[in-house]
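2 protein chains.
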Amino acid sequence: MKEAFPPQWRQGVYEAIARRRDIRSFLPDPVPPDILARVLWAAHHAGSVGFMQPWNFIVIEDIGIRRSVRAHVEAQRLRAAEAFDDARRGAYLSFKLEGILDAPLNICVTCDRQRFGPTILGRHTIRETDLYSTCAAIQNLWLAARAEGIGVGWVSILEPQELRRLLEIPEHVVPVAYLCVGFVDDFPERPMLETAGWLPRLALSEVVFSDRWATPPATPLSDALGREGFIDPVAGKGVCED
Amino acid sequence: MKEAFPPQWRQGVYEAIARRRDIRSFLPDPVPPDILARVLWAAHHAGSVGFMQPWNFIVIEDIGIRRSVRAHVEAQRLRAAEAFDDARRGAYLSFKLEGILDAPLNICVTCDRQRFGPTILGRHTIRETDLYSTCAAIQNLWLAARAEGIGVGWVSILEPQELRRLLEIPEHVVPVAYLCVGFVDDFPERPMLETAGWLPRLALSEVVFSDRWATPPATPLSDALGREGFIDPVAGKGVCED
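Structure below.
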């Protein structure tokens, strides 16, 4: 209909979604400030509950801070290894999980739970909507970065309290994501954990229900879901071939 | 660099981010199954911690269920009004906050906190990363929908426990978002709450820090952030004019 994007724009959106990867290996080249500003602009233009814009973006270049974060992550990585059984522990420890020092910069994305005061439109029932909005901003950042040829890796094995200490973040602010950001040699075709056989990609038709939990959709939606191969930029099948 | 998108694709990503809106008014036209499948495909291709893909998408067309959800939301809306002072209460009550019955379909996006068992790679330190991943999927859905000319409105004033009851969602699954989905007459130029003067848009330079909380960035990043008007699809300034 009239508000749909022209084919090339629309394809760009699907290509970004399909080609975005969680990146752990980076080139040392600096990210030009104009590109970084565009990517942060993209993040800042996510929607937020009650227009509260609860996010901040701490751009970390300081090597001393990054070394401290890296040491903390490494300790957490070894601690987490103990939770896996013997068969999986070796695989887990073989994965490269972060590029904190390889990447030219890191970005900590935070959520200020008190921004614009205690009464936020739309947040009366579910307090976590501010955290959810911050995650939407992170996804915008990730997709814009992909369009710019910039890789992003989300490091999730950090204690929020330790990040608060290292980055001097106040208690009422939640560090939601710690991202490594930089140019890459390559965006892998598939997610690393899929390629490694760690877990399988679920079929689209398995994750969609109709009207109620666990009720599979009927035709024609079930047929359309089953044709999910219609979008596969890796195999060269685009959405815009129709 | 070589992995950057061609200009039209890249512009599509920024245009989707800039033109996405939280929609509350819908046309009754049905959403074609192929378009709905593409939008759900986009959601399912978000990244997730440990590749756990914790999301499900309950596509709700049943009018009886939607009437029950609508009645619950209306009660929550009136309850929430009591939290605002007199000056704001009138404005709050004048806003249209949802299109549950106008839209041809609703989608409840959930997070299964037990998917693939208790030990998920990367979720040992921060348990909420599965919820964060689900929000990334929601943002993908929202952007793909925008590219298709489909509006999405996130209704956040629902009790999760009531949604579980109405949609028969098990206790270990969190209903993260309740979305209204359909074609629209118009995507507003600015967010409704910005236009209404409810809260101001923060300047990009206000939400970016350098190395530590509350430390403003130095040049050249600060200059680049100050030029944020460089992307303004509404005013016809695109990212691809360089």
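Here the protein sequences come in this chain order: A and B.
In the numbering used here, each residue carries its 1-based index in the first sequence increased by 951.
In the numbering used here, each residue carries its 1-based index in the second sequence increased by 951.
Each residue gets a CB set at the ideal place from its N, CA and C atoms; glycine is no exception.
As the structure is a prediction and not an experimental result, all values here were calculated from the model.
- Residues of chain A whose Cβ lies closer than 9 Å to the Cβ of B:Leu1029 do not exist, since the nearest Cβ in that chain is about 11 Å away.
- Distance from the CA atom of A:Leu1117 to the CA atom of B:Trp1164, rounded to whole angstroms, is 10 Å.
- Close to A:Val1010, with beta-carbon spacing below 9 Å, are these residues of chain B in chain order: Val1159, Phe1160, Ser1161, Asp1162, Pro1168, Leu1172.
- Following the DSSP letters along the chain, one finds B:Val990 inside the alpha helix (DSSP H) bounded by residues 984–995.
- By the Cβ rule, the stretch 1053–1070 of chain B counts as touching the stretch 1120–1128 of chain B, because three or more pairs are nearer than 8 Å.
- Taking 8 Å as the upper bound for CB-CB distance, B:His996 and A:Ile968 are in contact here, some 5 Å apart.
- The beta carbon of B:Gly998 falls within 9 Å of a beta carbon belonging to chain A, placing the residue at that interface.
- Counting along the chain, B:Gly1068 sits inside no alpha helix (DSSP H), nor does DSSP assign it H or E at all.
- At a cut-off of 9 Å between C-beta atoms, B:Phe977 does not count as an interface residue with respect to chain A.
- Look at A:Cys1086: its C-beta is under 9 Å from a C-beta on chain B.
- Using a Cβ-Cβ cut-off of 9 Å, A:Arg1018 does not count as an interface residue toward chain B, since no Cβ of chain B sits closer than that to its own.
- Of the residues assessed, B:Leu1172 falls on the buried side of the cut-off, its CB having 16 or more other CB atoms within 10 angstroms.
- Going by C-alpha positions, A:Leu1052 is about 22 Å away from B:Pro1167.
- For the C-beta of A:Ser1045, not a single chain B residue is nearer than 9 Å; the gap to the nearest is close to 12 Å.
- Against chain A, the CB of B:Asp1053 has no partner CB under 9 Å away; the residue lies outside that interface.
- Against chain B, the CB of A:Gly1041 has no partner CB under 9 Å away; the residue lies outside that interface.
- Taking a beta-carbon distance threshold of 9 Å, B:Asp985 counts as an interface residue toward chain A.
- Taking a cut-off of 8 Å on C-beta distances, the stretch 1143–1154 of chain B touches the stretch 1037–1046 of chain B, as three or more cross pairs fall below it.
- Near chain B, meaning a CB-to-CB distance below 7 Å, the residues of the stretch 1130–1147 of chain A are Phe1134, Val1135, Phe1138, Pro1142, Leu1144, Glu1145.
- If you compare the alpha carbons of A:Gly1050, A:Leu1155, A:Trp1093, A:Pro983 with that of A:Arg970, the shortest gap goes to A:Trp1093.
- Against B:His1123, chain A offers no close residue; the least beta-carbon distance is about 11 Å (beta-carbon pairs closer than 9 Å).
- The beta-bridge partner set that DSSP reports for A:Leu1130 consists of A:Ile1058, A:Trp1105.
- Taking 9 Å as the threshold, the shortest C-beta distance from A:Gly963 to chain B falls below it.
- Taking 9 Å as the CB threshold, B:Arg972 lines the interface with chain A.
- Straight-line measurement puts the Cα of B:Phe1067 at about 25 Å from the Cα of A:Glu1025.
- Residue pairing of B:Asn1007 in beta bridges, as defined by DSSP: B:Thr1061.
- One Cα belongs to A:Arg1040, the other to A:Gly998, and the distance between them is close to 39 Å.
- In this structure, DSSP gives B:Ser1084 a helical state, which the three-state scheme calls helix.
- Listed in chain order, the non-local C-beta contacts of B:Glu1099 below 6 Å within the same chain comprise Ile986, local neighbours out to five positions each way being set aside.
- At least one C-beta of chain A is nearer than 9 Å to the C-beta of B:Ala1175.
- Counting the other Cβ atoms within 10 Å of the Cβ of A:Ala993 gives 16 or more, which makes it buried.
- Contact check for A:Gly1133 against A:Leu1056 passes: the beta carbons are separated by less than 9 Å.
- Taking each of A:Val1135, A:Gly1015, A:Gly1001, A:Leu1109 in turn and checking the Cα distance to B:Met1143, the smallest one comes out for A:Gly1001.
- As a beta-bridge residue in DSSP terms, A:Phe1160 pairs with B:Ile1009.
- Going by DSSP, B:Trp960 is part of the alpha helix (DSSP H) stretching over 958–970.
- Taking all protein chains shown into account, B:Leu1109 has 16 or more neighbouring C-beta atoms within 10 Å of its C-beta and is therefore buried.
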